[in-house]
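Under full-length UniProt numbering, think of the first position of the sequence shown as 1, with each following residue one higher.
A virtual CB, placed ideally from N, CA and C, is assigned to each residue, including glycine.
As the structure is a computational prediction, the values presented were derived from the model and not from experiment.
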Amino acid sequence: MARRFALLLVLALLSVHWGCASLQRQPRVLIPPEIFHGEPSPEAQALYREAQELEKEGRWQEAALAYERIAQFFPTNAVAPRALTREAAVWLQAGDPEKAEKVLERVLREFPQWKDSARARVVLLETRWVQKRDPKIIEEGVALWDETAQDPQARLALCRALASFHRDLKDPDGALRWLTQGYRLSPSQEDLGLLDDLALHVTSDLDVETTERLLQTVSEPRLGPFLAYRRADLLPPESRREALLDVLARNPEHPVAREIEKRLHGTVAEQIPADPGTLGCLVPLSGPHAKFGQRILTGAALALDQWHGSFPHDPVRLVVLDSGADPDKTVAAFSALASDHAVLGALGPVSPRCASAIAPLMNRWAIPVVSFTEKRTVDNATPFLFHAFVDHRDMIEALVSYCTDVRGLVRYGVLYPDDSYGRSLSRLFAEAVERRGGRLLAQVSYEPGSTDFKEPIQKFLDQAQKAAGAPADSSPVEAVFIPDTAKTVALLAPQLPYYNVVGATLLGTNLWEESSLVSIGGVYVENALFPSAFHREDAVYQDPATGAFVEEYKRVYGRDPDYLAAQGYEATRLLLQARREALDAGGGTLDRLALRSALLGITLSQGPLGTTRVAPDGHLIRDYPILQVQGGTLLRVYP
1 MARRFALLLV LALLSVHWGC ASLQRQPRVL IPPEIFHGEP SPEAQALYRE AQELEKEGRW
61 QEAALAYERI AQFFPTNAVA PRALTREAAV WLQAGDPEKA EKVLERVLRE FPQWKDSARA
121 RVVLLETRWV QKRDPKIIEE GVALWDETAQ DPQARLALCR ALASFHRDLK DPDGALRWLT
181 QGYRLSPSQE DLGLLDDLAL HVTSDLDVET TERLLQTVSE PRLGPFLAYR RADLLPPESR
241 REALLDVLAR NPEHPVAREI EKRLHGTVAE QIPADPGTLG CLVPLSGPHA KFGQRILTGA
301 ALALDQWHGS FPHDPVRLVV LDSGADPDKT VAAFSALASD HAVLGALGPV SPRCASAIAP
361 LMNRWAIPVV SFTEKRTVDN ATPFLFHAFV DHRDMIEALV SYCTDVRGLV RYGVLYPDDS
421 YGRSLSRLFA EAVERRGGRL LAQVSYEPGS TDFKEPIQKF LDQAQKAAGA PADSSPVEAV
481 FIPDTAKTVA LLAPQLPYYN VVGATLLGTN LWEESSLVSI GGVYVENALF PSAFHREDAV
541 YQDPATGAFV EEYKRVYGRD PDYLAAQGYE ATRLLLQARR EALDAGGGTL DRLALRSALL
601 GITLSQGPLG TTRVAPDGHL IRDYPILQVQ GGTLLRVYP
């Protein structure tokens with residue numbers, strides 16, 4: 001209030017200074033461009049902000065008068081036509097297009113030197129369109145588009161205007177065509193939001209046939225989710241919810257995600273009671289993966305025990321069921337967790353196939369699940385599935401980022417085993433190198449389990465020399481990525497210099513964090529670099545939170561934790577903390593949808609994996625420390 005009073009006082013003083021003439025129309029005077037387009041005075045800027053506030057509050061008359069006075073008090077600066085253009089927009093919002101048109105005509109008449117006059121012309125088109133929906137106005141807009149090639153802001157406003165005109169004419173093709181032009185102008189976040197709002201309005205009017213046709217013909221990626229949302233919304237009630245959840249899962253960062261979340265809030269396909277004090281855990285306790293399940297469970301149990309020590313008045317029960325490695329068994333166990341134990345949320349499973357198998361049940365009952373899987377490995381899309389496992393895409397990105405940005409490496413090569421792991425990580429590495437502006441000179445596979453690597457190394461060197469245009473006796477690759485086990489790499493490394501691949505830094509994955517890498521590879525793996533999923537042995541960079549976790553784990557279990565135990569610990573902390581925040585936000589009440597929302601906004605610090613948070617697509621964002629072999633030991637070199 002005090003601020004507004006002060007600004008009104010400025011207005012009064014300026015009025016006295018200019019006298020009654022201050023509210024009269026100023027004569028057209030051509031001011032030198034360097035003066036006219038200079039920085040507005042502090043008083044003008046303050047008054048402009050005040051007018052904007054009045055406009056936001058919907059106080060149209062006061063806002064219009066405030067903009068008018070700015071133009072009268074500061075006619076020798078470009079703030080004058082800018083304020084008048086906003087005044088016209090205010091009159092348009094107030095439902096008086098005739099006043100708006102008069103103000104805009106005045107702008108174009110009295111300020112011909114204004115370099116942003118095209119924006120006033122756009123608003124003038126909108127004003128005339130409100131009064132009379134004449135197709136000739138669209139023709140004028142198209143002509144203005146051709147004139148504004150050097151003014152992207154004017155073009156953005158024009159795209160929105162023309163898209164709105166076509167929507168009014170029931171022409172979605174034209175509207176989406178102009179929205180596409182707008183998206184291609186690299187809009188700011190504010191402009192992007194305006195385009196998105198209009199896209200939502202345009203697509204919300206579509207019928208089934210038009211929606212399906214446009215899904216096949218519209219190429220702009222930003223528009224696809226709007227059309228998918230409309231298609232799902234047009235489905236019969238019995239299949240609509242599942243389709244909306246699928247759109248949400250596939251587009252977690254798109255504006256339609258918020259629309260779908262609002263639509264689905266508080267709704268489930270089949271109501272099953274949830275006990276706020278009960279969480280579930282699905283891990284293999286039998287079969288070939290039992291050892292993995294047991295290691296995860298040790299970390300989960302430790303996190304739960306620490307929770308009870310910190311929050312004795314908020315006890316949480318963890319119900320553990322055996323998922324085995326069988327999707328059918330996992331489905332039965334998950335159903336039991338929901339129907340027999342009323343779990344609020346769950347941990348697990350560890351298998352992508354098992355996670356995909358229970359995805360429909362997650363959607364049906366709206367149960368959030370923090371799995372020990374990687375997002376890219378799970379086929380079924382559901383917004384209730386979160387991923388706490390090592391994300392190889394992020395891990396490889398961390399490695400390549402360090403190599404290029406810190407070490408200055410540019411020329412890379414890949415030697416990889418011809419299996420699913422090797423092919424997948426080879427592809428991820430190639431993509432990361434391209435994003436970072438590096439060069440991939442060679443990419444050669446070898447048979448898994450090989451001990452003699454002569455042929456693939458020679459092929460690798462030949463590819464690299466040809467790609468670099470290097471002589472036959474040179475070794476142009478600066479770094480070689482080998483996504484294989486530590487034992488295999490220890491056998492392969494000595495053969496590289498033997499077959500003339502010399503001077504290259506070896507790069508690997510978290511599988512290299514084994515003693516066999518150094519004990520077998522010896523000097524041939526010296527200076528090798530690789531990311532770690534969980535590093536606990538570096539006294540120089542030892543994080544206190546990691547040290548505390550390791551010591552407590554050793555005290556309870558009598559042995560060192562591995563990365564599976566650390567991930568079980570962090571995933572449990574994540575679920576417990578999200579539950580706590582959802583409970584506080586709900587004033588003591590809690591449901592499964594609230595838990596899902598809390599998981600999306602959670603950030604954990606002071607843990608063995610560093611700072612972790614959940615990305616909008618459900619995967620865990622975390623640090624991947626870079627380790628290097630130095631003097632026969634593993635040292636953390638970054639961060």
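* Report the residue ranges of all beta strand (DSSP E) runs contained in full by the region 382–408; include only those spanning at least 3 residues, in chain order. => Qualifying beta strand (DSSP E) stretches, in chain order: 385–387.
* Give every residue of the same chain whose Cβ lies closer than 6 Å to the Cβ of Tyr-416, excluding the five residues on either side of it in the sequence, and list them in chain order. => Excluding sequence neighbours, Tyr-416 sits near Gly-422, Ser-426, Ser-445, Pro-483.
* **Residue environment, Ala-63, which counts as buried when at least 16 other CB atoms sit within 10 Å** => The residue in question, Ala-63, is buried, as its Cβ has 16 or more Cβ neighbours within 10 Å.
* Asked: What residues in its chain sit with their C-beta under 7 Å from that of Gln-458, if we drop five residues either side in the sequence?
  -> Apart from the 5 residues on each side of it in sequence, Gln-458 sits with its Cβ closer than 7 Å to the Cβ of Tyr-499 in its chain, given in chain order.
* Asked: By a C-beta neighbour count over all protein chains shown, 10 Å radius and 16 as the cutoff for buried, is Gly-58 buried or exposed?
  -> Gly-58 comes out exposed.
* Extent of the continuous beta strand (DSSP E) run through Pro-417 -> For Pro-417, the enclosing beta strand (DSSP E) starts and ends at 411–417.
* To do: Keeping to the same chain, check which residues put their C-beta closer than 7 Å to that of Gly-174; ignore five residues upstream and five downstream.
  => Spatial neighbours of Gly-174 in its own chain (CB-CB distance under 7 Å, excluding positions within 5 residues in sequence) are listed in chain order as His-166.
* Asked: When the Cα atoms are used, what is the spatial distance from Ala-585 to Gln-113?
  -> C-alpha separation (whole angstroms): 55 Å.
* **Given Leu-108 as reference, the closest of Asp-379, Ala-78, Ile-137 once Cα atoms are compared** => The closest CA to that of Leu-108, considering only Asp-379, Ala-78, Ile-137, is found on Ala-78.
* Residue range of the alpha helix (DSSP H) that includes Phe-460 -> Per DSSP, Phe-460 belongs to the alpha helix (DSSP H) from 454–468.
* Asked: Between Gly-277 and the rest of its own chain, which residues show a CB-CB distance below 7 Å, the 5 nearest in sequence each way excluded?
  -> Excluding positions up to five away in sequence, the list reads Pro-315, Val-316, Arg-317.
* Examine the Cβ distances between the region 606–621 and the region 333–346 and report whether three or more of them are shorter than 8 Å. => Contact fails: fewer than three Cβ-Cβ distances are below 8 Å.
* Check the DSSP bridge columns for Asp-322 and list the partner residues they point to. => Partner(s): Val-283.
* To do: Go through the region 188–241 residue by residue and report every complete run of the beta strand (DSSP E) that reaches 3 residues or more, in order.
  => You should have found no qualifying run.
* Asked: So Gly-299 and Ala-566 are in contact, right, with Cβ under 8 Å, and what is the actual spacing, rounded?
  -> Rounded, the Cβ-Cβ distance is 6 Å, consistent with contact.
* To do: Could you spell out the range, first to last residue, of the beta strand (DSSP E) harbouring Tyr-638?
  => Boundaries of the beta strand (DSSP E) around Tyr-638: 633–638.
* **Range of the contiguous alpha helix (DSSP H) that encloses Val-489** => First-last of the alpha helix (DSSP H) with Val-489: 486–492.
* To do: Figure out for me which residue from Leu-162, Ala-464, Ser-597 has the closest Cα to the Cα of Gly-141.
  => In this structure, Leu-162 is the residue among Leu-162, Ala-464, Ser-597 with its C-alpha nearest to the C-alpha of Gly-141.
* Asked: In chain order, what residues of the same chain have a beta carbon less than 7 Å from the beta carbon of Asp-381, not counting five sequence neighbours either side?
  -> Here residue 381 turns out to be Ala, not Asp, going by the sequence shown. Contacts found: Asp-246, Ala-249, Arg-250.
* **Paired residues, beta bridge with Tyr-446 - DSSP** => Residue pairing by DSSP places Tyr-446 opposite Pro-417 in a beta bridge.
* Hey, Leu-321 and Cys-354: beta-carbon distance below 9 Å or not? -> Their beta carbons are not under 9 Å apart, which means Leu-321 does not touch Cys-354 by this criterion.
* **Terminal residues of the alpha helix (DSSP H) in which Gln-153 lies** => Where Gln-153 is concerned, the enclosing alpha helix (DSSP H) stretches over 152–168.
* Asked: Can we say the region 371–391 touches the region 486–505, given the rule of at least three CB pairs closer than 8 Å?
  -> With the rule of 3 Cβ pairs closer than 8 Å, the region 371–391 does not count as touching the region 486–505.
* Asked: Which partner residues of His-619 appear in the DSSP bridge assignment?
  -> Answer is His-387.
* Quick one: which unbroken alpha helix (DSSP H) runs of 4-plus residues sit fully inside the region 53–91? Chain order, please. => DSSP runs (the alpha helix (DSSP H)) wholly in the region 53–91: 60–73.
* **Cβ-Cβ distance between Gly-193 and Cys-159 below 9 Å** => Not a contact, by the Cβ cut-off of 9 Å.
* In whole angstroms, what is the alpha-carbon distance linking Asp-229 and Glu-253? -> Correcting the residue identity first, residue 229 is Tyr in this sequence and not Asp. Taking the Cα positions, Tyr-229 is about 14 Å away from Glu-253.
* Can the beta-carbon of residue 640 be found closer than 9 Å to that of Val-283? -> Absent from the model: residue 640. The displayed extent of the chain is 1 to 639, so no value can be given.
* Leu-517 and Val-489: beta carbons closer than 9 Å? -> Judged by their CB atoms, Leu-517 and Val-489 are nearer to each other than the 9 Å cut-off.
* Does the distance from the C-beta atom of Leu-144 to that of Leu-195 stay below 9 Å? -> For the 9 Å CB-CB criterion, Leu-144 and Leu-195 do not form a contact.
* Simplified DSSP state of Phe-36, which is helix, strand or coil -> In this structure, Phe-36 counts as helix in the three-state DSSP scheme.
* Look up Arg-25 in the DSSP assignment and say whether it is helix, strand or coil. => Confidence at Arg-25 is low in this model, with a pLDDT of 46, below 50, so the placement of that residue is unreliable and no value is reported for it.
* **Neighbour-count burial assignment, His-392, 16 or more Cβ in a 10 Å radius** => His-392 sits buried, since 16 or more C-beta atoms from the chains shown fall within 10 Å of its C-beta.
* State yes or no: is the C-beta of Pro-327 within less than 9 Å of the C-beta of Ala-290? => For the pair Pro-327 and Ala-290, the CB atoms are not nearer than the 9 Å cut-off.
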